[in-house]
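Worksheet for the structure shown next.
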Amino acid sequence: MSVFGMSRTIMRNLFSGPATRLYPTREKEPHRAARSRGRIEIDIEACIFCSACAKRCPTDAIIVSKTDKEWNIDRLRCCTCNACVEVCPKKCLAMGNRYTPPTVTKDKDIFRQPPRPPKEPETIPGA
Amino acid sequence: MSPLDTALLAIVVVVAAPIAGGLLAGIDRKLSARMQSRWGPPLLQPFYDVRKLFRKETIVVRRSQNFYVYFFFVFMVFTAALFFTGGDILLTIFALTLASIFLVLAAYKASSPYSFIGAERELILMMAYEPMVLLAAVGMYLVTRSFIVVDIARSPQLLALRLPGLFIGFVVVLVVKMRKSPFDLAASHHAHQEIVRGITTEFSGRTLALIEIAHWYETTVVLGMAALFFAALPWLAAVAAGCVFFLILLVDNVFARVKWQVALATAWITAAALGVGNILVVFFLR
Amino acid sequence: MNPREHQTIEEIPAAALLERVQKMRSEGWRLVHAACTRLVADQEVNYCFDRDGQSLDSPDSATLRGMHTLRVRLPMIDPELPSISSFYWPAFLYENEMHDLFGITVKGMAVDFHGHLYTTMVPTPYVTKEPDHGD
Amino acid sequence: MGTRTVIPFGPQHPVLPEPIHLDLVLEDEKVVEAIPKIGYVHRGFEKLVEKMDFNELVYVADRICGICAFIHSMAYCQGVEAVMSVEVPPRAEFLRTIWSELARLSSHLLWLGLMADAFGFESLFMQSFRIREKIVDMLEEMTGGRIILGVCRVGGVRRDVPNDALADIVRRVKDLGVEMHRLADVFLQDDSVKHRLVGVGVLIRDQAAELGCVGPMLRASGVSRDTRTLGYAAYGSVDFAPIVEKDGDSYARCAVRIRELFQSVDLVAQAASKIPGGEVGVKVSGYPEGEYHSRCEQPRGEVIHYVKGDGTRYLQRYRVRTPTFANIPALLRMLQGCELADVPVLVLTIDPCISCTER
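Chains as they are written, first to last, in the working numbering: chain A, 263 to 389; chain B, 117 to 402; chain C, 467 to 601; chain D, 116 to 474.
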């Protein structure tokens with residue numbers, strides 16, 4: 263007869279503390295593996311609005327507007343497949359290793375490129 | 117004790133027993149969680165749950181099913197009051213059984229296949245543990261010459277020394293009564309079984325809260341009965357009750373749920389070997 | 467780097483299906499799966515069989531494994547097939563699927579779900595809706 | 116003869132992780148008839164070939180199932196590669212093998228946990244999941260995804276793993292072996308577990324073959340058939356033999372899966388030690404024309420990805436026959452005459468993945 267086979271593991275568990283965390287109050291440290299596909303980050307300053315990412319996106323999560331200089335992403339549609347990052351010609355897209363925080367609304371993340379300041383005419387000091 | 121004292125004590129018991137039972141349930145959940153290397157809920161979670169249940173809508177299949185649950189609750193309160201005011205242990209046991217019968221009736225009345233099968237299994241479990249409970253009472257009588265809880269508790273003899281078999285058998289009963297694995301086939305705490313939550317599947321809202329509170333009463337009564345085996349040394353009784361409680365949690369976590377045939381066989385074999393054997397020894401070696 | 471599995475296809479008329487399947491069974495093949503494909507004007511049903519370690523083309527080579535497909539062509543409108551579930555009992559699931567998704571009437575299925583295996587909003591979606599490549 | 120009760124079992128049921136519905140006709144506690152119904156999660160994946168080109172379809176294949184995701188995408192890619200005659204670089208083949216085996220570990224541990232839950236052994240369930248978590252963490256470190264790895268593509272894989280990182284993974288998987296042994300001891304030795312598994316749902320060798328079982332279901336009945344022996348990916352270069360048990364009951368199926376855990380650990384180590392250097396992907400040009408039945412061994416058994424292209428961006432037909440589809444007839448046969456308490460065990464014993472069955 264073999265019973266209580268599990269008791270060793272159980273007693274060890276009891277005294278070694280829980281293996282789980284009280285998420286979201288406590289997150290895993292270090293937060294994620296460096297390679298984790300968390301969410302797409304964009305360096306909007308470098309974007310040229312070529313729409314290559316939007317075309318490659320399998321879930322149509324990305325919408326790019328060249329006229330408004332606007333890049334937006336539906337985080338809930340995005341399947342973090344990394345296709346947009348791979349295709350970006352300016353390398354302004356990156357895969358961040360943190361997940362999008364939980365949300366209760368279906369908002370889009372909108373990034374707008376600030377209008378570039380018009381080039382000031384070079385002033386010659388002392389002129 | 118004067119009748120007035122008894123009445124006062126009864127009121128204290130009626131208030132204190134569910135608090136103790138709820139705390140025990142909280143400790144149970146916390147300890148079980150730690151055994152499974154989880155954090156587990158806060159200690160007071162059972163109370164939060166019940167508070168929430170009271171605020172919820174009560175949805176019933178048939179209105180009459182709740183009627184039986186009220187009786188279940190009332191008899192459980194009565195059992196606790198009777199036991200802790202030092203009444204007749206036989207009467208306590210019968211009241212406890214009657215209460216359980218009302219729960220079974222309520223489950224039958226709900227006319228859901230899950231609670232129907234749960235009720236059938238609960239009846240089988242009652243058949244399984246009832247002989248052992250009665251034998252325990254008989255054993256206590258043989259040693260102390262009384263069925264009255266006060267007299268048993270005041271007996272200078274440490275019952276556990278005279279009735280070790282009965283005590284072990286009674287721990288098995290406790291596992292059944294507290295709805296713990298391996299005997300949680302009629303209604304498990306986690307509703308993770310083929311008949312969902314078995315006997316209590318069809319209860320909701322306030323009715324379910326009453327069942328929960330009645331279960332707290334039940335836990336305190338059965339743990340109290342276990343402690344009665346050590347009543348001669350009150351501190352030992354407390355320690356023993358704690359140990360038994362921990363042992364039950366451990367058993368809960370190291371066993372798979374058995375099928376009803378095995379549950380019945382285990383309980384009866386324990387009752388026959390440990391219970392009857394112990395009583396025979398006490399009877400002839402007196 | 468590794469040799470791809472050897473796979474053969476044999477096109478047969480629908481009338482010869484039962485006879486051919488019976489032969490496959492007596493030769494010890496197992497039914498791997500069965501499925502339809504919508505072609506341009508008609509559709510085809512594939513019954514795939516596998517016999518461990520052997521292929522129809524090279525029965526003597528034990529190392530090469532293979533899959534043999536019996537293929538039946540059916541019209542798009544009112545296609546009909548006999549059930550092979552008398553030879554391969556588990557085929558009833560594939561046949562019910564053919565019925566629900568491709569509208570093929572399969573006669574004599576061991577277990578007939580009467581179109582309730584998959585409940586789709588559009589009946590027989592794989593044939594009634596033309597492929598629409600969108601973008 | 117007792118009165119007959121009909122117990123509705125699913126599609127939403129605490130012990131059923133998957134949306135299948137069974138009407139169980141009971142006499143007391145004995146099941147006299149089980150009437151199944153699926154179709155709750157039919158998502159029309161196969162119809163998606165019309166909307167997505169053959170490269171994008173990999174993401175879809177990856178998402179057919181939440182527990183055997185990687186092998187689905189691999190089977191699909193192998194199918195397209197066969198049609199297009201693409202030669203995948205050997206390093207990619209080895210990486211695919213390593214990830215398949217880790218996915219198998221994760222899936223089998225998940226199954227063990229669910230199985231423990233089905234027979235009411237909660238701490239065993241938690242312990243299985245605790246071990247599985249570490250496997251999932253490893254997958255995340257290597258590929259970036261925990262469940263849906265998203266690393267397979269037509270022509271190779273999308274991410275390389277440095278050799279020293281692989282060595283670290285091998286060391287950690289081997290360390291996990293110790294914990295898995297403790298787990299296995301409970302599953303295979305504990306009497307209360309044996310009471311729930313031994314002799315439950317027996318399928319003898321001929322029955323299992325006749326019912327078209329695949330995977331551990333079939334191997335537990337004594338048939339030595341494992342699609343990995345075809346030698347796809349790098350399985351031709353590693354040394355292993357299918358794991359076979361004889362009894363054909365739930366205990367044997369459990370034993371097969373537990374032994375496969377250790378086999379997978381071994382295969383990961385073997386593949387990591389033999390992995391060649393070089394590229395992990397080739398560029399694929401052109402469109403698929405032709406057809407191929409790609410076969411792989413999922414944790415649940417043999418999966419078939421049928422790919423047929425007509426020379427355009429879009430495939431003409433994409434068809435997935437998942438292992439559960441092949442195992443359902445056996446489930447129906449086993450349920451007849453079993454006890455109600457055995458139903459969860461029997462349903463779990465085929466390792467059902469209804470969501471991927473209905474695609």
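The beta carbon of each residue, even a glycine, is placed where N, CA and C say it ideally should be.
Every value quoted in this text rests on a predicted model; they were computed, and no experiment measured them.
- For residue 278 of chain D, the number of other beta carbons within 10 angstroms of its own is below 16, and it is reported as exposed.
- For residue 472 of chain C against residue 532 of chain C, the beta-carbon gap comes to about 4 Å, under 8 Å, which counts as contact.
- Judged by DSSP secondary structure, residue 139 of chain D falls outside any alpha helix (DSSP H) and instead within the beta strand (DSSP E) spanning 136 to 142.
- Distance from the CA atom of residue 550 of chain C to the CA atom of residue 501 of chain C, rounded to whole angstroms, is 13 Å.
- Residue 186 of chain B sits in a helix when the DSSP states are folded into three classes.
- Residues of chain D whose Cβ lies closer than 7 Å to the Cβ of residue 310 of chain B are, in chain order, 130, 455, 456, 458 and 459.
- With a beta-carbon spacing of about 10 Å, residue 467 of chain D and residue 437 of chain D fall beyond the 8 Å limit used to define contacts.
- The three-state secondary structure of residue 330 of chain D, taken from DSSP, is coil.
- Under the 8 Å criterion on CB atoms, residue 325 of chain A is classed as non-interfacial with respect to chain B.
- The C-beta of residue 314 of chain A comes no closer than 8 Å to any C-beta of chain D.
- Listed in chain order, the alpha helix (DSSP H) runs fully inside the stretch 266 to 311 of chain A are 269 to 278, counting runs of at least 4 residues.
- Going by beta carbons, residue 231 of chain B and residue 318 of chain B fall inside the 8 Å limit.
- Within the same chain, 197 and 201 come within 6 Å of residue 126 of chain B by CB-CB distance, once the 5 residues on both sides are set aside.
- Taking residue 567 of chain C as the centre and dropping the five residues before and after it, the same chain places the C-beta of 584, 590, 591 and 592 closer than 7 Å to its C-beta, in chain order.
- For residue 152 of chain B, at least one C-beta of chain A is nearer than 8 Å to its own C-beta.
- For residue 237 of chain D, the closest Cβ of chain B is nearer than 8 Å.
- In the DSSP assignment, residue 495 of chain C falls outside any beta strand (DSSP E), carrying neither H nor E.
- By the neighbour-count criterion, in which 16 or more other beta carbons inside 10 Å mark a residue as buried, residue 367 of chain A falls on the exposed side.
- In the three-state DSSP reduction, residue 132 of chain D falls in the coil class, being neither helix nor strand.
- When Cβ-Cβ separations below 8 Å define contact, residue 269 of chain A makes contact with chain B.
- Contact between residue 254 of chain B and residue 143 of chain B is ruled out by a C-beta separation of about 32 Å, above the 8 Å threshold.
- Burial is judged here by how many other beta carbons sit within 10 angstroms of a residue's own beta carbon; residue 329 of chain A has fewer than 16 and is exposed.
- Residue 242 of chain B is not a Cβ neighbour of residue 286 of chain B, given a cutoff of 8 Å.
- Within the DSSP secondary-structure output, residue 240 of chain D pairs in no beta bridge.
- Residue range 332 to 335 is occupied by the beta strand (DSSP E) that includes residue 333 of chain A.
- Setting aside the 5 residues that flank it on each side, residue 356 of chain A is surrounded in the same chain by 303 and 347, each with a C-beta closer than 7 Å to its C-beta; the list follows chain order.
- Taking the beta carbon of residue 295 of chain A as reference, the chain D residues within 7 Å of it are 255 and 256, listed in sequence order.
- Taking residue 326 of chain B as the centre and dropping the five residues before and after it, the same chain places the C-beta of 185, 186, 188 and 189 closer than 8 Å to its C-beta, in chain order.
- In the displayed model, residue 591 of chain C falls within a helix according to three-state DSSP.
- Around the beta carbon of residue 407 of chain D, 16 or more other beta carbons lie within 10 angstroms, which makes this residue buried.
- Around the beta carbon of residue 378 of chain A, fewer than 16 other beta carbons lie within 10 angstroms, which makes this residue exposed.
- Under the DSSP definition of a beta bridge, residue 319 of chain A lacks any partner.
- For the pair of segments examined, the stretch 213 to 224 of chain D was found to touch the stretch 238 to 253 of chain D: the number of CB pairs separated by less than 8 Å reaches three.
- Between residue 324 of chain A and residue 316 of chain A, the C-beta gap is smaller than 8 Å, which places the two residues in contact.
- Residue 454 of chain D is positioned such that its CB atom lies no closer than 8 Å to that of residue 148 of chain D.
- In the three-state scheme derived from DSSP, where H, G and I count as helix and E and B as strand, residue 479 of chain C is classed as coil.
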